[in-house]
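Peer 1: First the structure, which I've put down as structure tokens, then a few questions once you've had a look.
Protein chains: 2
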Amino acid sequence: MLENSDPMPLYHKLYQLLHQAIHSGAFATGAKLPTEKQLQEETGMSRVTIKRALDELALEGLVVRRRGIGTLVQYAPSPLQATHAPLRGLLENLEEMGRNTQVKVLQIKYQTPPEGIAAQFKISPEDTLLHIIRRRNFQNGGRSFAYYQSWTRIKNFPAKVTPFRSKPRLQLLREAGLVFGEIHQRLGAQAADSNTARELQLPLGHPLLTLTRSSYDRRSVLCDLLIAHYNPELFEYQMELRRE
Amino acid sequence: MLENSDPMPLYHKLYQLLHQAIHSGAFATGAKLPTEKQLQEETGMSRVTIKRALDELALEGLVVRRRGIGTLVQYAPSPLQATHAPLRGLLENLEEMGRNTQVKVLQIKYQTPPEGIAAQFKISPEDTLLHIIRRRNFQNGGRSFAYYQSWTRIKNFPAKVTPFRSKPRLQLLREAGLVFGEIHQRLGAQAADSNTARELQLPLGHPLLTLTRSSYDRRSVLCDLLIAHYNPELFEYQMELRRE
DNA sequence: CACTATTTGTCCGTATGTATG
DNA sequence: TCATACATACGGACAAATAGT
Chain A
1 MLENSDPMPL
11 YHKLYQLLHQ
21 AIHSGAFATG
31 AKLPTEKQLQ
41 EETGMSRVTI
51 KRALDELALE
61 GLVVRRRGIG
71 TLVQYAPSPL
81 QATHAPLRGL
91 LENLEEMGRN
101 TQVKVLQIKY
111 QTPPEGIAAQ
121 FKISPEDTLL
131 HIIRRRNFQN
141 GGRSFAYYQS
151 WTRIKNFPAK
161 VTPFRSKPRL
171 QLLREAGLVF
181 GEIHQRLGAQ
191 AADSNTAREL
201 QLPLGHPLLT
211 LTRSSYDRRS
221 VLCDLLIAHY
231 NPELFEYQME
241 LRRE
Chain B
1001 MLENSDPMPL
1011 YHKLYQLLHQ
1021 AIHSGAFATG
1031 AKLPTEKQLQ
1041 EETGMSRVTI
1051 KRALDELALE
1061 GLVVRRRGIG
1071 TLVQYAPSPL
1081 QATHAPLRGL
1091 LENLEEMGRN
1101 TQVKVLQIKY
1111 QTPPEGIAAQ
1121 FKISPEDTLL
1131 HIIRRRNFQN
1141 GGRSFAYYQS
1151 WTRIKNFPAK
1161 VTPFRSKPRL
1171 QLLREAGLVF
1181 GEIHQRLGAQ
1191 AADSNTAREL
1201 QLPLGHPLLT
1211 LTRSSYDRRS
1221 VLCDLLIAHY
1231 NPELFEYQME
1241 LRRE
């Protein structure tokens, strides 16, 4: 019944179980939860543990506990917290983003990429690529919400920070002679590693929205790879679809 | 740094983080994980805690630990071929996905939506909408990778499961008389809550890719809201961009 | 060959959190 | 409320294996 490979405190397991039961509508609003004694018999846990789980539900406002009465459900079943969309700071497209936000270049130099990257570029392990790391935040020293790493197959690019203050990266690359053909993007989600967590001021393991953009030249040779990590609370991808 | 809403042991949190990183291919087979000391500095945890997380990975066979050497990834990079859905183009293309996958309808009935949903539809709190919950998995009883919830403003829709076996949801809605104009999509990331975690067989708090699609009729009135949660290890959104 | 730096393995003591009766 | 037992997390110390000088 409560088999869970994850090590988790007993009281929290029970809390989750009841939390889910209430949300799924198993207990209607106003209904009475099993008493501490009943739960004790059903689960085999001690009464203190049961009490702690019920107290956490009460603290959250999901139930109300009254001595001599029992534990009553106080909550109208809602299927999910999917309403968690405050619609703040949503940015319609990448170009407009530049107006309200600014980019800081953290690093720019030629480096030998990690194995997986080198494989995608089909280069030998000792070859170098232009490696740029950037971070985007809201203007006026606002919070950071994006962390970019890019690898580019380009020769003799001046590894200086200054030009990035005025022009976007892709534009600089085009001015340096790169010509793009197909561009392929993938959107996914990942847990924040320690590096990204630090840069985006998030706890370790926090969900991130990730974008991987592969840009090819006219002969379908990969020449630019961008890996972006976004704080999903401050940024989401938005698009309009129209029937034709 | 590690805010804990869920009481989960630190060592297990780190274990999960590394587990996911290895599975996602962030560390190639044979690659060296950060040393205990490096992880100690990056995460701020004590060495014993770090060690326990690494030991669990070793016990599982994902890594091999050698004193004087370090911790080496032993895992053959998974046959990860995430399914993908095209972003641009007609919605119908999205249904091509249906060839390798199948949908199970978990619930279909008229319900009063939670407050946040009702607000988006601009209906009064006691009005009902058609509420459908579905789950998509790979064929032949394969793993589930998507969990859908939808709210639809439509009258007298037969709340039966059977038609969904042969036709996609949007097509059924159109056949029932709905006409769509603008459609708005947002892609983000969220941590798995207990409900979604169970449905997708993922640990609590696992990063999920989320899609919210708002469909409006010809008069720009919201008539359908779809909230989708994806396992990012099995599914990602993909799009092609072309210079014009 | 020794010497050193690195890295993991093992052990100690202590403090706090969890769970029982 | 209390006493007890166990798990978690910390910091420190030392030993053993490895690689490079």
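As given, the protein sequences belong to chains A and B, one line each in that order. First residue of the first sequence? That's 1 in our numbering, and the numbers climb one at a time after it. First residue of the second sequence? That's 1001 in our numbering, and the numbers climb one at a time after it. For glycine and all other residues, C-beta sits at the position ideal for the given N, C-alpha and C.
1. Would a C-beta distance cut-off of 8 Å place B/ARG1047 and B/GLU1060 closer than the cut-off?
2. Whether or not the region 110–126 of chain A and the region 187–206 of chain A are in contact is what I'm after, with contact meaning three or more pairs of Cβ atoms, one per stretch, closer than 8 Å; do they touch?
3. Less than 8 Å separating the beta-carbons of B/TYR1230 and B/LEU1202?
4. Going along chain A, which residues have a C-beta under 8 Å from B/PRO1168?
5. Where do the N-terminal and C-terminal ends of the beta strand (DSSP E) with B/ARG1066 fall, by residue?
6. To which residues of the same chain is A/ARG136 closer than 6 Å at the C-beta, ignoring the five residues directly before and after it?
7. Kindly say whether A/GLY116, judged by its beta-carbon, lies nearer than 8 Å to any beta-carbon of chain B.
8. When you compare each of A/LYS167, A/ALA192 and A/LEU173 to A/ILE154 by their alpha carbons, which one comes out closest?
9. Comparing the C-beta of B/ALA1146 with each C-beta of chain A, is any distance below 8 Å?
10. Under 8 Å, Cβ to Cβ, is there at least one residue of chain A near B/ASP1127?
11. Among the residues of its own chain, which have a CB less than 7 Å from the CB of B/SER1215, if the five just before and after it don't count?
12. Considering only residues of the same chain and omitting the five flanking positions on each side of B/ASP1006, which have a CB-CB separation below 8 Å?
13. Between the Cα of A/GLN143 and the Cα atoms of A/GLY30, A/ILE227, A/PRO232 and A/LEU170, which residue gives the shortest distance?
14. DSSP state of A/PHE121, grouped into three classes?
15. Taking CB distances under 8 Å as the criterion, tell me whether A/GLU131 reaches chain B.
16. Could you check what DSSP says for B/TYR1075 in three-state terms: helix, strand or coil?
17. Determine whether the Cβ of A/LEU45 lies closer than 8 Å to any Cβ atom of chain B.
18. Can you find the residues in the same chain that come closer than 6 Å, C-beta to C-beta, to B/ILE1227, ignoring five residues on each side of it along the sequence?
19. How should A/GLU236 be labelled, buried or exposed, when 16 other C-beta atoms within 10 angstroms of its C-beta is the threshold for buried?
20. Taking B/LEU1170 as part of the alpha helix (DSSP H), name the residues at either end of that continuous run.
21. Does A/ASN137 come out as helix, strand or coil in the three-state DSSP assignment?
22. Just to make sure I have the definition right: I need the residues of chain A whose C-beta is within less than 7 Å of the C-beta of B/GLY1188. Which are they?
23. Do B/GLY1025 and B/LEU1072 come within 8 Å of each other at the CB atom, strictly closer than that value?
24. Between B/LEU1018, B/VAL1221 and B/PRO1009, which has its C-alpha nearest B/PRO1034's C-alpha?
25. Could you give the residue range of the beta strand (DSSP E) that holds A/GLN149?
26. Taking the continuous beta strand (DSSP E) assigned at B/THR1101, which residues delimit it?
27. Pick out whichever of B/ALA1053, B/GLU1041, B/THR1043 and B/HIS1023 has its Cα sitting closest to the Cα of B/HIS1012.
28. Starting from B/LEU1178, trace the beta strand (DSSP E) both ways and give me its first and last residue.
29. Note down, in chain order, every chain A residue with its Cβ under 7 Å from the Cβ of B/ALA1028.
30. Could you check which residue in B/ALA1028, B/GLY1188, B/ASP1193 and B/ARG1219 has the C-alpha nearest to that of A/MET239?
31. Taking the continuous alpha helix (DSSP H) assigned at B/ILE1050, which residues delimit it?
32. Which residues in chain A sit within 8 Å of B/ASP1006, going by Cβ to Cβ distance?
33. Can you grab the Cα-Cα spacing for the pair A/GLN16 / B/HIS1023, in whole Å?
34. Nearest by alpha-carbon distance to A/TRP151: which of A/ALA119, A/THR162 and A/GLY70 is it?
35. For the beta strand (DSSP E) that contains A/THR212, what are its first and last residues?
36. Tell me, please, whether the CB atom of B/LEU1072 is closer than 8 Å to any CB atom in chain A?
Peer 2: Result, derived from the coordinates:
1. Within the second sequence, the letter at position 47 stands for residue 1047 of chain B. Within the second sequence, the letter at position 60 stands for residue 1060 of chain B. No, Cβ-Cβ distance for B/ARG1047 and B/GLU1060 is not below 8 Å.
2. The answer is no - the region 110–126 of chain A does not touch the region 187–206 of chain A, with fewer than three Cβ pairs under 8 Å.
3. The count along the second sequence starts at 1 and reaches residue 1230 of chain B at position 230. The count along the second sequence starts at 1 and reaches residue 1202 of chain B at position 202. No. Outside cutoff.
4. For this step, residue 1168 of chain B is matched to residue 168 along the second sequence. In chain order: nothing, as chain A lies at least about 15 Å away.
5. The residue labelled residue 1066 of chain B in the question sits at position 66 within the second sequence. Where B/ARG1066 is concerned, the enclosing beta strand (DSSP E) stretches over 1063–1066.
6. If you number the first sequence from 1, residue 136 of chain A lands on position 136. For A/ARG136, where only same-chain residues beyond five positions count, the Cβ hits under 6 Å are THR101, VAL103 and ALA146.
7. Residue 116 of chain A sits at position 116 when you count from the first residue of the first sequence. Output row for A/GLY116: interface = yes.
8. Residue numbering aside, residue 154 of chain A sits at position 154 when the first sequence is read from its first letter. The shortest Cα separation from A/ILE154 among A/LYS167, A/ALA192 and A/LEU173 belongs to A/LEU173.
9. On the second sequence, position 146 is the one that residue 1146 of chain B refers to. Cβ-Cβ to chain A under 8 Å: no for B/ALA1146.
10. Translated into the one-based positions of the second sequence, residue 1127 of chain B becomes position 127. It does not: the Cβ of B/ASP1127 has no partner Cβ on chain A nearer than 8 Å.
11. One-based indexing of the second sequence puts residue 1215 of chain B at position 215. Within the same chain, B/SER1215 has close Cβ partners PHE1180, ILE1183, CYS1223 and ASP1224.
12. Against the second sequence, residue 1006 of chain B aligns to sequence position 6. Around B/ASP1006: LEU1204 and GLY1205.
13. Within the first sequence, residue 143 of chain A is the residue found at index 143, counting from 1. For clarity, residue 143 of chain A is Arg in the given sequence; the question names Gln instead. The residue with the shortest Cα to Cα distance from A/ARG143 is A/PRO232.
14. Here residue 121 of chain A refers to the residue found at position 121 when the first sequence is read from its first residue. Correct three-state label for A/PHE121: helix.
15. Start at 1 with the first residue of the first sequence, and residue 131 of chain A comes out as number 131. For the record, residue 131 of chain A in the displayed sequence is His; it is not Glu. Judged by the 8 Å Cβ criterion, A/HIS131 is not in contact with chain B.
16. In the second sequence, residue 1075 of chain B corresponds to position 75, counting from 1. It is coil, neither helix nor strand.
17. For the purposes of this step, residue 45 of chain A is taken as residue 45 along the first sequence, with counting starting at 1. Residue identity check: residue 45 of chain A is Met in the sequence provided, not Leu. For A/MET45, the closest Cβ of chain B is not nearer than 8 Å.
18. Working through the second sequence from its first residue, we reach residue 1227 of chain B at position 227. Closer than 6 Å at Cβ, skipping near neighbours: GLN1149 and THR1212.
19. In the first sequence, counting from the first residue as 1, residue 236 of chain A sits at position 236. Result: buried.
20. Taking the second sequence and counting its residues from 1, one reaches residue 1170 of chain B at position 170. It spans 1169–1175 - the alpha helix (DSSP H) in which B/LEU1170 sits, taken as one unbroken run.
21. Position 137 of the first sequence holds residue 137 of chain A. Three-state result, A/ASN137: strand.
22. Taking the first residue of the second sequence as position 1, residue 1188 of chain B is located at position 188. Simply LEU209, PRO232 and GLU236.
23. Counting from 1 along the second sequence, the entry for residue 1072 of chain B is found at position 72. Counting from 1 along the second sequence, the entry for residue 1025 of chain B is found at position 25. In this structure, B/GLY1025 does not lie closer than 8 Å to B/LEU1072 by Cβ.
24. As a first step, residue 1034 of chain B is located in the second sequence; it is residue number 34 there, counting from the start. Ranking B/LEU1018, B/VAL1221 and B/PRO1009 by Cα distance to B/PRO1034 puts B/LEU1018 first.
25. Indexing the first sequence from 1 puts residue 149 of chain A at position 149. Note, A/GLN149: beta strand (DSSP E), 144–152.
26. Working through the second sequence from its first residue, we reach residue 1101 of chain B at position 101. Where B/THR1101 is concerned, the enclosing beta strand (DSSP E) stretches over 1101–1111.
27. If you number the second sequence from 1, residue 1012 of chain B lands on position 12. The candidate whose alpha carbon is nearest that of B/HIS1012 is B/ALA1053.
28. Walking along the second sequence from the start, residue 1178 of chain B turns up at place 178. Run containing B/LEU1178: none; DSSP gives neither H nor E here.
29. Position 28 of the second sequence, counting from 1, holds the residue named residue 1028 of chain B. Under the 7 Å cutoff, chain A gives GLU115 and GLY116.
30. The count along the first sequence starts at 1 and reaches residue 239 of chain A at position 239. Comparing Cα-Cα distances from A/MET239 to each of B/ALA1028, B/GLY1188, B/ASP1193 and B/ARG1219, the minimum goes to B/GLY1188.
31. Residue 1050 of chain B sits at position 50 when you count from the first residue of the second sequence. B/ILE1050 -> alpha helix (DSSP H) spans 1047–1060.
32. Numbered from its first residue, the second sequence carries residue 1006 of chain B at position 6. Under the 8 Å cutoff, chain A gives MET8 and HIS12.
33. By one-based count along the first sequence, residue 16 of chain A stands at place 16. By one-based count along the second sequence, residue 1023 of chain B stands at place 23. Each residue's alpha carbon lies about 27 Å from the other.
34. Within the first sequence, the letter at position 151 stands for residue 151 of chain A. Minimum Cα distance to A/TRP151 is reached at A/ALA119.
35. Position 212 of the first sequence, counted from the first residue, corresponds to residue 212 of chain A. Start and end: 207–216.
36. Reading the second sequence from its first residue, position 72 is the one you call residue 1072 of chain B. Taking Cβ atoms only, chain A never reaches closer than 8 Å to B/LEU1072, which makes this a no.
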